[in-house]
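Numbering (the working numbering), first residue to last: 370 to 719. Quick reminder that beta carbons are idealized off the backbone N, C-alpha and C, glycines included.
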Amino acid sequence: MIFYKAVQNSVKEYPIGISVVICCYNSEKRIQKTLEHLALQKANDVPWEIILVDNNCKDHTVQVATTTWEKFMIDFPVLKCVKETKPGLSYARECGINESKFKYILLCDDDNWLREDYLINAFHVLQSNESIAAMGGCGEPVYDAFEPPSWFPPLAGLMATGPQGKGGLDADGESKGCLYGAGLILNRLYLENLRKSGFVSTLMDRQGAKLSSGGDTELTLALQFLDGHLYYSSKLRFKHLITKPRTEWAYLRRLSFSIGCSDFYLSSFFASNKKYNWFLLVFTNFVVLVRSWRRAFIASFEPGNKEVLIYERMRGQFYESFFHFRKFKENIKRVQTVKQRIGELNSLFR
């Protein structure tokens, strides 16, 4: 692969191993279980570390985390706690990545319980295929001491759960086109070259209690500019803790609206060579909403009805196209610049 030669020649060497980055915002009730599962990892032959990022926690997250880790009396890996004052998951992840030292970076959310062979399986796959820029696994929803509504399980995929491969649960290989951030593993060589190309994320993911999303999708889409493969491994299994508020119908509607807002910006990755007429784009989105609002309104009284979530997603797309079209055009230019820079890097190693 031509670009991989550019990757190898333009980025400094990092030690072989895995840096586990856990981003926390008021996580004292969740972090203990997450660390307990990390302590059970059967990865004695794999160098690894844990970077816990305190993203303006107002509780005792750091104290609980350090006490929990000390309880296991594990000499390796060391739990390193760092502070990121800018609110937002994307900022916290960036901080954790900057503080990490190994070639592979595992983004483990504070509510992800990794199976005991997660790290060792990930390490073997990545070491055997250097063309993998990012790899994801399969999250299984577990519920925080409550029974979810009967209509919720089919919608649990909105919470970063389920297989991510084109072939289904047990089919390892190419992903569906992007990967969710929970349990995501990145090859730092590709990530560093993406940074050198000028790529900067515009989607900040969640910020405190604010619902925003799409940062992980944006990153994995951009990694493909480098000819990096997005890979799904069925051997990477983890449980994703779902709290009761996240199973409420109002929450899912707000989440779908937020996803729609992100969709509008993400479409710039596929539209970077096109010219867009603002009026035509807004009018088209408006017509789609008008045609479907009556059906969506009736369905809104039926929690779990997917038509409502689809409508909310379209509403988010319309909202962004109407109020923030200028940002969309700026994003198109940004994507073009990144692609051009990558092309320049690529040409150096032909």
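Quiz item: Should residue 370 go down as buried or exposed, given a rule of 16 or more other Cβ atoms within 10 Å for buried?
Solution: For the purposes of this step, residue 370 is taken as the residue at position 1 of the sequence shown. Because the pLDDT at residue 370 is just 45, under 50, the model does not fix this residue reliably, and the point stays unresolved.
Practice problem: For residue 710, collect the residues of the same chain with a Cβ closer than 7 Å to its Cβ; drop the 5 residues on either side in sequence, then sort them by chain order. | Solution: Translated into positions along the sequence shown, residue 710 becomes position 341. Correct list, in chain order: 566 and 567.
Self-check item: residue 461, enclosing alpha helix (DSSP H) - first and last residue
Solution: Position 92 of the sequence shown holds residue 461. Counting along the chain, the alpha helix (DSSP H) containing residue 461 begins and ends at 458-468.
Quiz item: So is residue 704 buried or exposed if we call it buried at 16+ other beta carbons inside 10 Å?
Solution: Indexing the sequence shown from 1 puts residue 704 at position 335. Classification for residue 704: buried.
Quiz prompt | Close beta carbons around residue 449, own chain, < 8 Å, minus the five adjacent residues each side | solution = One-based indexing of the sequence shown puts residue 449 at position 80. Excluding sequence neighbours, residue 449 sits near 418, 419, 420, 421 and 468.
Quiz item: Over what stretch of residues does the alpha helix (DSSP H) that includes residue 689 continue unbroken?
Solution: Position 320 of the sequence shown, counted from the first residue, corresponds to residue 689. Note, residue 689: alpha helix (DSSP H), 675-692.
Quiz item: Looking only at its own chain, which residues have a Cβ that is under 7 Å from the Cβ of residue 563, when we skip the five neighbours before and after it?
Solution: The count along the sequence shown starts at 1 and reaches residue 563 at position 194. These residues qualify, in order along the chain: 591, 592 and 595.
Quiz item: DSSP three-state call for residue 591: helix, strand or coil?
Solution: Walking along the sequence shown from the start, residue 591 turns up at place 222. DSSP, reduced to helix, strand and coil, places residue 591 within a helical segment of the structure shown.
Self-check item: residue 634 vs residue 543 beta-carbon contact at 8 Å
Solution: Within the sequence shown, residue 634 is the residue found at index 265, counting from 1. Within the sequence shown, residue 543 is the residue found at index 174, counting from 1. Contact flag unset, no.
Quiz item: When burial is assigned at 16 or more other CB atoms within 10 Å of the CB, is residue 533 buried or exposed?
Solution: For this step, residue 533 is matched to residue 164 along the sequence shown. It is buried - the Cβ of residue 533 has at least 16 other Cβ atoms within 10 Å.
Quiz prompt | Element boundaries [alpha helix (DSSP H), containing residue 501] | solution = In the sequence shown, the residue the question calls residue 501 occupies position 132. Unbroken run through residue 501 is the beta strand (DSSP E), 501-512; no alpha helix (DSSP H).
Exercise. Could you work out which residue in 656, 385 and 525 is closest to residue 493 when comparing CA atoms only?
Key: Mapped onto the sequence shown, residue 493 falls at position 124. Looking at the Cα atoms, 385 is the closest of the given residues.
Exercise. Find out if the Cβ-Cβ distance for the pair residue 502, residue 556 is shorter than 8 Å.
Key: The residue labelled residue 502 in the question sits at position 133 within the sequence shown. The residue labelled residue 556 in the question sits at position 187 within the sequence shown. Yes, the pair counts as a contact, with Cβ atoms nearer than the cut-off.
Exercise. Count the other C-beta atoms from every protein chain shown that fall within 10 angstroms of the C-beta of residue 662, then say buried if there are 16 or more, exposed otherwise.
Key: Here residue 662 is taken as the residue at index 293 of the sequence shown, counted from 1. Looking at its Cβ environment, which holds fewer than 16 other Cβ atoms inside 10 Å, residue 662 is exposed.
Quiz prompt | Whole-angstrom distance between residue 477 and residue 506, CA atom to CA atom | solution = Residue numbering aside, residue 506 sits at position 137 when the sequence shown is read from its first letter. Residue numbering aside, residue 477 sits at position 108 when the sequence shown is read from its first letter. Using only the alpha carbons, I get a separation of about 12 Å.
Self-check item: Distance, residue 677 Cα to residue 669 Cα
Solution: As a first step, residue 669 is located in the sequence shown; it is residue number 300 there, counting from the start. As a first step, residue 677 is located in the sequence shown; it is residue number 308 there, counting from the start. Distance between the alpha carbons of residue 669 and residue 677: 6 Å.
Quiz prompt | Beta-carbon proximity list for residue 427, same chain, < 7 Å, skipping 5 on both sides | solution = Along the sequence shown, read from residue 1 onward, the residue named residue 427 stands at position 58. Sequence-distant partners of residue 427 (beyond 5 residues in either direction) whose C-beta falls short of 7 Å from its own C-beta, in its chain, are 395.
Practice problem: Decide if residue 684 is buried, meaning its Cβ has at least 16 other Cβ atoms within 10 Å, or exposed. | Solution: By 1-based counting over the sequence shown, the position of residue 684 is 315. Residue 684 is buried by the Cβ-count criterion.
Self-check item: Beta-carbon contacts of residue 588 that lie in its chain and below 7 Å, excluding the five residues immediately before and after
Solution: Along the sequence shown, read from residue 1 onward, the residue named residue 588 stands at position 219. Hits under 7 Å: 570.
Quiz prompt | Segment contact, 8 Å Cβ cut-off, at least three pairs: the segment 516-523 with the segment 409-417 | solution = no
Self-check item: Bridge partner(s) assigned by DSSP for residue 476
Solution: Walking along the sequence shown from the start, residue 476 turns up at place 107. The partner list for residue 476 (beta bridge, DSSP) reads 390 and 553.
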